[in-house]
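Here you go:
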(Lines of atoms letter the chains of each structure in order from A and count residues from 1; the text may use other names and numbers.)
(Lines give C-alpha, C1' and ligand atoms only; values in the text may rest on other atoms or scores of the structure.)
Protein backbone atom coordinates (compact mmCIF):
# COMPACT_ATOMS: atom_id res chain seq x y z
CA UNK A 1 0.00 0.00 0.00
CA UNK A 2 2.84 2.36 0.90
CA UNK A 3 4.53 1.61 -2.42
CA UNK A 4 1.31 2.42 -4.28
CA UNK A 5 0.98 5.73 -2.42
CA UNK A 6 4.61 6.58 -3.22
CA UNK A 7 3.99 5.75 -6.88
CA UNK A 8 0.98 8.09 -6.96
CA UNK A 9 3.03 10.89 -5.37
CA UNK A 10 5.85 10.37 -7.88
CA UNK A 11 3.44 10.52 -10.83
CA UNK A 12 1.83 13.66 -9.50
CA UNK A 13 5.17 15.40 -8.97
CA UNK A 14 6.39 14.34 -12.42
CA UNK A 15 3.36 16.11 -13.86
CA UNK A 16 5.15 19.41 -13.19
CA UNK A 17 8.38 18.30 -14.83
CA UNK A 18 9.86 20.66 -17.43
CA UNK A 19 11.48 19.23 -20.56
CA UNK A 20 11.43 15.77 -22.09
CA UNK A 21 15.08 14.77 -21.73
CA UNK A 22 16.37 12.26 -19.16
CA UNK A 23 12.90 11.02 -18.27
CA UNK A 24 14.20 7.95 -16.43
CA UNK A 25 16.64 9.99 -14.37
CA UNK A 26 13.92 12.50 -13.43
CA UNK A 27 11.67 9.64 -12.35
CA UNK A 28 14.40 8.12 -10.17
CA UNK A 29 15.23 11.53 -8.69
CA UNK A 30 11.60 12.13 -7.72
CA UNK A 31 11.28 8.60 -6.30
CA UNK A 32 14.36 9.22 -4.14
CA UNK A 33 12.92 12.52 -2.93
CA UNK A 34 9.52 11.02 -2.07
CA UNK A 35 11.16 8.24 -0.05
CA UNK A 36 13.34 10.70 1.86
CA UNK A 37 10.46 13.03 2.68
CA UNK A 38 8.35 10.09 3.88
CA UNK A 39 10.99 9.00 6.39
CA UNK A 40 10.91 10.22 9.96
CA UNK A 41 13.53 12.95 10.28
CA UNK A 42 13.97 12.63 6.52
CA UNK A 43 14.01 16.37 6.01
CA UNK A 44 12.17 19.63 6.54
CA UNK A 45 8.80 20.23 4.89
CA UNK A 46 6.34 17.81 3.34
CA UNK A 47 5.30 16.51 -0.05
CA UNK A 48 2.27 18.78 0.23
CA UNK A 49 4.58 21.80 0.67
CA UNK A 50 6.45 20.81 -2.48
CA UNK A 51 3.24 20.22 -4.44
CA UNK A 52 1.99 23.66 -3.39
CA UNK A 53 5.25 25.31 -4.55
CA UNK A 54 5.09 23.55 -7.93
CA UNK A 55 1.40 24.29 -8.43
CA UNK A 56 1.73 27.97 -7.45
CA UNK A 57 4.97 29.30 -8.97
CA UNK A 58 5.69 32.81 -7.79
CA UNK A 59 3.64 32.41 -4.61
CA UNK A 60 5.21 32.31 -1.16
CA UNK A 61 6.08 28.67 -0.41
CA UNK A 62 7.77 26.82 2.42
CA UNK A 63 11.23 25.26 2.40
CA UNK A 64 11.42 21.60 1.43
CA UNK A 65 14.84 20.48 2.63
CA UNK A 66 16.84 17.26 2.69
CA UNK A 67 19.58 16.33 5.16
CA UNK A 68 23.03 17.21 3.85
CA UNK A 69 25.22 14.26 2.95
CA UNK A 70 28.91 14.15 3.85
CA UNK A 71 30.01 15.49 0.47
CA UNK A 72 26.88 17.59 -0.03
CA UNK A 73 25.70 15.53 -2.99
CA UNK A 74 22.74 13.23 -3.57
CA UNK A 75 23.05 9.89 -5.34
CA UNK A 76 20.35 9.07 -7.89
CA UNK A 77 20.85 5.78 -9.74
CA UNK A 78 24.58 5.78 -10.47
CA UNK A 79 24.96 9.55 -10.64
CA UNK A 80 25.70 12.11 -7.96
CA UNK A 81 24.78 15.76 -7.92
CA UNK A 82 23.88 18.65 -5.66
CA UNK A 83 20.26 18.08 -4.59
CA UNK A 84 18.99 21.59 -5.31
CA UNK A 85 20.54 21.49 -8.80
CA UNK A 86 18.96 18.10 -9.55
CA UNK A 87 15.47 19.28 -8.62
CA UNK A 88 15.83 22.69 -10.26
CA UNK A 89 16.64 20.78 -13.47
CA UNK A 90 13.60 18.54 -13.06
CA UNK A 91 11.06 21.31 -12.36
CA UNK A 92 12.44 24.57 -13.75
CA UNK A 93 15.56 24.60 -15.91
CA UNK A 94 16.44 21.34 -17.73
CA UNK A 95 19.49 23.04 -19.29
CA UNK A 96 20.96 24.08 -15.93
CA UNK A 97 24.70 23.32 -15.94
CA UNK A 98 26.03 24.26 -12.52
CA UNK A 99 25.12 25.39 -9.00
CA UNK A 100 26.97 28.61 -9.83
CA UNK A 101 24.01 29.59 -12.02
CA UNK A 102 21.69 29.58 -9.00
CA UNK A 103 21.13 32.04 -6.19
CA UNK A 104 18.80 31.36 -3.24
CA UNK A 105 15.98 33.80 -2.55
CA UNK A 106 16.34 35.76 0.72
CA UNK A 107 13.32 34.02 2.27
CA UNK A 108 14.88 30.54 2.02
CA UNK A 109 15.84 29.19 5.46
CA UNK A 110 18.07 26.34 4.23
CA UNK A 111 19.79 27.71 1.12
CA UNK A 112 22.71 26.08 -0.62
CA UNK A 113 25.38 28.59 0.38
CA UNK A 114 28.21 29.01 2.87
CA UNK A 115 25.97 30.87 5.34
CA UNK A 116 23.75 27.83 5.87
CA UNK A 117 25.12 26.11 8.98
CA UNK A 118 22.09 23.83 9.39
CA UNK A 119 22.25 20.11 8.50
CA UNK A 120 19.66 20.65 5.72
CA UNK A 121 19.59 22.05 2.20
CA UNK A 122 16.43 23.32 0.52
CA UNK A 123 15.44 21.70 -2.79
CA UNK A 124 12.32 23.80 -3.43
CA UNK A 125 13.04 24.94 -7.02
CA UNK A 126 11.14 28.17 -6.43
CA UNK A 127 13.52 29.12 -3.63
CA UNK A 128 16.26 29.69 -6.23
CA UNK A 129 16.74 32.24 -8.98
CA UNK A 130 18.80 31.62 -12.08
CA UNK A 131 21.60 34.04 -12.81
CA UNK A 132 22.35 35.33 -16.28
CA UNK A 133 24.61 32.60 -17.78
CA UNK A 134 26.88 35.26 -19.30
CA UNK A 135 27.62 36.57 -15.80
CA UNK A 136 28.43 33.19 -14.26
CA UNK A 137 32.04 32.26 -13.67
CA UNK A 138 35.04 32.87 -11.48
CA UNK A 139 35.95 36.47 -10.56
CA UNK A 140 38.76 36.46 -13.13
CA UNK A 141 36.33 35.49 -15.90
CA UNK A 142 33.89 38.18 -14.80
CA UNK A 143 36.72 40.72 -14.70
CA UNK A 144 37.84 39.76 -18.21
CA UNK A 145 34.27 39.91 -19.53
CA UNK A 146 33.67 43.36 -18.05
CA UNK A 147 37.05 44.63 -19.18
CA UNK A 148 36.78 43.59 -22.81
CA UNK A 149 33.11 44.48 -23.15
CA UNK A 150 34.05 47.95 -21.93
CA UNK A 151 36.63 48.17 -24.71
CA UNK A 152 34.54 46.79 -27.53
CA UNK A 153 31.49 48.89 -26.77
CA UNK A 154 33.52 52.01 -27.52
CA UNK A 155 34.68 52.73 -31.07
CA UNK A 156 37.92 54.37 -29.98
CA UNK A 157 39.83 55.06 -26.80
CA UNK A 158 42.35 57.79 -26.11
CA UNK A 159 45.22 57.20 -23.77
CA UNK A 160 48.22 59.34 -22.92
CA UNK A 161 51.64 58.16 -21.92
CA UNK A 162 52.96 59.78 -18.77
CA UNK A 163 56.39 58.23 -19.04
CA UNK A 164 58.59 57.36 -22.05
CA UNK A 165 59.12 53.87 -20.64
CA UNK A 166 55.46 53.04 -21.42
CA UNK A 167 55.80 54.11 -25.05
CA UNK A 168 56.52 50.63 -26.43
CA UNK A 169 53.65 48.91 -24.64
CA UNK A 170 50.42 50.90 -25.06
CA UNK A 171 48.23 47.88 -24.30
CA UNK A 172 49.83 47.34 -20.90
CA UNK A 173 49.57 51.02 -20.15
CA UNK A 174 45.88 51.09 -21.08
CA UNK A 175 45.19 48.14 -18.77
CA UNK A 176 47.04 49.92 -15.99
CA UNK A 177 45.07 53.14 -16.51
CA UNK A 178 41.78 51.28 -16.57
CA UNK A 179 42.55 49.46 -13.32
CA UNK A 180 43.73 52.69 -11.75
CA UNK A 181 40.47 54.39 -12.71
CA UNK A 182 38.35 51.55 -11.35
CA UNK A 183 40.24 51.51 -8.06
CA UNK A 184 39.87 55.27 -7.62
CA UNK A 185 36.25 55.20 -8.71
CA UNK A 186 36.84 58.11 -11.08
CA UNK A 187 35.53 58.64 -14.59
CA UNK A 188 38.68 59.81 -16.31
CA UNK A 189 42.35 60.57 -16.08
CA UNK A 190 43.60 63.85 -14.76
CA UNK A 191 46.87 63.73 -16.65
CA UNK A 192 48.53 65.79 -19.33
CA UNK A 193 48.13 64.37 -22.83
CA UNK A 194 51.63 64.10 -24.29
CA UNK A 195 51.39 61.12 -26.66
CA UNK A 196 47.76 60.30 -27.48
CA UNK A 197 47.10 56.83 -28.80
CA UNK A 198 43.97 55.99 -30.76
CA UNK A 199 42.87 52.37 -30.68
CA UNK A 200 40.27 51.76 -33.39
CA UNK A 201 38.11 48.62 -33.44
CA UNK A 202 36.35 47.63 -36.66
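In the working numbering, the protein residues as written are 2 to 203.
Note that beta-carbon positions come from the ideal geometry of N, C-alpha and C, so glycine has one too.
The structure presented is a predicted model; accordingly, all values stated were derived computationally and were not measured.
| field | Proximal residues to residue 113 (C-beta, below 6 Å), its chain only, five neighbours per side dropped | value | So the qualifying residues of the chain are 85 and 122.
| query | What separation, rounded to the nearest whole angstrom, lies between the Cα atoms of residue 91 and residue 55? | reply | So the alpha carbons of these two residues sit roughly 11 Å apart.
| query | Helix or strand or just coil, what does DSSP make of residue 82? | reply | Correct three-state label for residue 82: strand.
| field | Start-end ranges of the alpha helix (DSSP H) lying completely within the stretch 42-95, minimum 4 residues | value | Note on the stretch 42-95: whole alpha helix (DSSP H) runs with a minimum of 4 residues are 48-56 and 84-92, in chain order.
| query | Under a three-way DSSP split, which group does residue 120 fall into? | reply | Coil, per DSSP.
| field | For residue 103, the first and last residue of its enclosing beta strand (DSSP E) | value | Start and end: 103-105.
| query | Which partner residues of residue 130 appear in the DSSP bridge assignment? | reply | Paired residues: 104.
| request: State whether the stretch 50-65 contacts the stretch 123-131, with contact taken as three or more CB pairs (one from each stretch) at a distance under 8 Å. | output: A contact exists between the stretch 50-65 and the stretch 123-131.
| N-terminal and C-terminal residue of the alpha helix (DSSP H) that residue 37 is part of | Judged by DSSP secondary structure, residue 37 falls within the alpha helix (DSSP H) whose first and last residues are 24-39.
| message | As a quick exercise: from 23, 105 and 107, pick the residue whose alpha carbon is nearest that of residue 78. | response | Measuring from the Cα of residue 78, the nearest candidate turns out to be 23.
| field | Under the three-state DSSP convention, the category residue 8 falls into | value | The answer is helix: DSSP assigns residue 8 an H, G or I state.
| Pairwise C-alpha distance: residue 83 and residue 73 | Rounded to whole angstroms, residue 73 and residue 83 show a C-alpha spacing of 6 Å.
| message | Whether or not the stretch 93-111 and the stretch 7-26 are in contact is what I'm after, with contact meaning three or more pairs of Cβ atoms, one per stretch, closer than 8 Å; do they touch? | response | Yes, since at least three Cβ pairs between the stretch 7-26 and the stretch 93-111 fall closer than 8 Å, the two stretches touch.
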